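Participant: In my numbering, the protein residues as written are 26 to 84.
Ideal placement from N, C-alpha and C gives every residue a C-beta, glycine not left out.
These figures come from a predicted structure and were not determined experimentally.
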């Protein structure tokens with residue numbers, strides 16, 4: 026059995042939390058609707074010369 030370091034376990038836990046927060050757990054890596062909507066809005070605003078920060082998209 027492979028030994029998992031404490032650091033690796035922490036990184037796995039953090040990644041799992043990120044995936045659960047931003048992606049729909051019922052699908053295969055589809056963005057949650059509210060995150061997708063904010064991302065689409067950011068892309069539209071970028072085309073119009075405005076740009077949301079990543080913090081604004083993913084908050």
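Would you give the residue range spanned by the alpha helix (DSSP H) that residue 48 belongs to?
Facilitator: For residue 48, no alpha helix (DSSP H) segment is defined, and its DSSP state is neither H nor E.
Participant: Pull up the distance between the alpha-carbon of residue 7 and that of residue 80, whole angstroms please.
Facilitator: The structure shown has nothing for residue 7, since the chain only spans 26 to 84.
Participant: Could you tell me the alpha carbon to alpha carbon distance between residue 46 and residue 64, rounded to whole angstroms?
Facilitator: Each residue's alpha carbon lies about 15 Å from the other.
Participant: For residue 60, which residues from the same chain have a beta carbon less than 7 Å from its beta carbon, with the 5 sequence-adjacent residues on both sides left out?
Facilitator: 47, 83
Participant: Straight-line CA distance for residue 74 to residue 58?
Facilitator: Whole-angstrom Cα-Cα distance: 24 Å.
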